[in-house]
Amino acid sequence: MHTMWKGSISFGLVNIPIKLHAATEDKDIKLRTLHKECHSPIKYEKICSSCDVEVKPEDIVKAYEYTKGKYVVLDEEELEKLRKENEDKAVEIIDFVKISEIDPIYFQKSYYMSPSEGGGKAYSLLRKALQESEKVGLAKIIIRAKEQLAVIRVYENTLVMETIHYPDEVRQAGDVPNVPNEDKVTEKELATAIMLIDQLTTEFEPTKYTDEYRTALLELIESKRTGQETVTATEKAPASNVTDLMAALQASIDRTKPIPALKPTASTKPSTAKTTTAKAAVAKPRKKTTMPRIKKEA
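This is how it looks when you write it as structure tokens:
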């Protein structure tokens, strides 16, 4: 099982080096988005909303928007310093409570905890103490740069850490609209509802519940795959500088072309006299024609 976090959990003077492993996994079927014309995957680029250009990772900074369009920029060094200052406080069990006192709405994500090297005995001690006392531990831990409130409990002989929401992250139920304040039901209606609940009451067997939509979608995908109803993405043509080279050569040729002489317009047309003289100078001489002589009769 993949280790996603290493650290230690402490309560009192007891310190337990541990590793965290994701206890659950997301099995949602992720569908890709393709271009309808060529069936190639669509890329999502990070574009600046003002400059309208793609932004590189090194040109991105984090900021807090305290009002519309106004931000406080936070340097990565400042954020890293805050994380390091809180690392030592993040793994201490601060209280022990009964799990029945924590409403399920607070629970967020589950992680299995395994002991690191040398932590087996302390791990067993905490596990046994939680089982005997029927309590759970409340701790703070930093995961992925976020301080989390967590519950540490026993699940099938393994310590489990459940991250839970802080109270200010849970919205007030009283803010839900259109919730009736009074119960306007009759005794007969209530008795019938309770009877129905009793008839449907059973022991919780998680294996009998399945994601029917996911199963149907997988079957549809498999039927299309085996039926050869598949498409292949169009391969991107290799980059070539032939077009750019031809464009550059053509531009060079256009630069070296002589500028054609402008045809005279009405405003620049020479005078009639000069034009006549110029035409006479270049005109070819005409051949002299002789008329035949008519012999007179005596």
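All residue numbers for the sequence shown refer to our numbering, where the first residue is 8 and numbers rise by one.
All C-beta atoms, glycine included, are put in the ideal place defined by N, C-alpha and C.
Bear in mind that the values here come from a model prediction, so they are computed numbers and not experimental data.
F18 vs I148 beta-carbon contact at 9 Å: In this structure, I148 does not lie closer than 9 Å to F18 by Cβ.
What's the call for K135, buried or exposed, on a 16-neighbour Cβ count within 10 Å? By the neighbour-count definition (other C-beta atoms within 10 Å, threshold 16), K135 is an exposed residue.
Please list the segments of the beta strand (DSSP E) lying wholly inside the region 10-71, counting only runs of 3 or more residues, in order along the chain. As far as the region 10-71 is concerned, its whole beta strand (DSSP E) runs of at least 3 residues are 12-18 and 21-29.
Leaving aside the five residues before and after P24 along the sequence, list all residues of the same chain whose C-beta is less than 6 Å from its C-beta, in chain order. Around P24: S15, S123 and G126.
Need the endpoints of the beta strand (DSSP E) that K116 sits in, please. From DSSP, the beta strand (DSSP E) with K116 extends over F114 to P122.
Grouping DSSP H, G and I as helix and E and B as strand, with all else coil, what is Y130? Residue state, collapsed to three classes: helix.
To test your reading of the DSSP string, which unbroken beta strand (DSSP E) runs of 3 or more residues are found completely within the region 175-228? Runs of the beta strand (DSSP E) inside the region 175-228: none found.
Those residues which DSSP pairs with L166 across a bridge: The partner list for L166 (beta bridge, DSSP) reads M120 and V161.
Looking only at C-alpha atoms, which of Y118, L89, S57 and A146 sits nearest to L27? For L27, the nearest C-alpha among the options comes from Y118.
Span of the beta strand (DSSP E) holding V143? Where V143 is concerned, the enclosing beta strand (DSSP E) stretches over V143 to I150.
On the DSSP letters alone, give me the boundaries of the beta strand (DSSP E) that K77 sits inside. Here the beta strand (DSSP E) through K77 covers K77 to L81.
By the 10 Å Cβ neighbour count, where 16 or more other Cβ atoms means buried, how is E169 classified, buried or exposed? Flag for E169 reads buried.
Put Q330 into one of helix, strand or coil per three-state DSSP. Shown here, the chain extends from 8 to 305; a query on residue 330 therefore has no answer.
Touch test, the region 49-66 against the region 76-85, Cβ-Cβ under 8 Å, three pairs minimum: No, the region 49-66 does not touch the region 76-85.
The region 35-52 touching the region 231-243, judged by at least three CB pairs closer than 8 Å: In short, these stretches touch, since the Cβ pair count reaches three.
In the DSSP assignment, what residue or residues form a beta bridge with T241? The partner list for T241 (beta bridge, DSSP) is empty, contrary to what the question assumes.
Look at the alpha carbon of V21 and the alpha carbon of V143, and state the distance between them as a whole number of angstroms. Cα to Cα, V21 sits roughly 16 Å from V143.
Using only CA atoms, which one of Y113, L38, L145 and A157 lies nearest to D175? Answer by Cα proximity: Y113.
Does M8 come out as helix, strand or coil in the three-state DSSP assignment? M8 falls in the coil class under three-state DSSP.
Are I171 and I228 closer than 9 Å when you measure CB to CB? Contact flag unset, no.
When burial is assigned at 16 or more other CB atoms within 10 Å of the CB, is R160 buried or exposed? By the Cβ neighbour-count rule, R160 is buried, with 16 or more other Cβ atoms within 10 Å of its own.
Based on DSSP bridge pairs, tell me the residues matched to I100. DSSP output for I100 lists A146 as bridge partner(s).
When DSSP labels each residue in this structure, what does I109 get in the three-state scheme? Reduced to three states, the DSSP call for I109 is coil.
Since K191 and E141 should fall inside the 8 Å C-beta cutoff, what is the C-beta to C-beta distance between them, to a whole number of angstroms? Contact between K191 and E141 does not hold, since the beta-carbon distance rounds to 40 Å and is not under 8 Å.
Go ahead and label T10 buried or exposed: buried means 16 or more other beta carbons lie within 10 angstroms of its beta carbon, across all protein chains shown. T10 should be labelled exposed.
Compute the Euclidean distance between the alpha carbons of T209 and K215, then round it to the nearest angstrom. About 12 Å.
Assigned exposure category for A314 - 16 Cβ within 10 Å defines buried: Only positions 8 to 305 of the chain appear in this structure, which leaves residue 314 out of reach.
Between E61 and the rest of its own chain, which residues show a CB-CB distance below 7 Å, the 5 nearest in sequence each way excluded? Around E61: E52, K53 and I54.
Distance check for Y130 and M8, CA to CA, integer angstroms please. When rounded, the distance between both Cα atoms is 18 Å.
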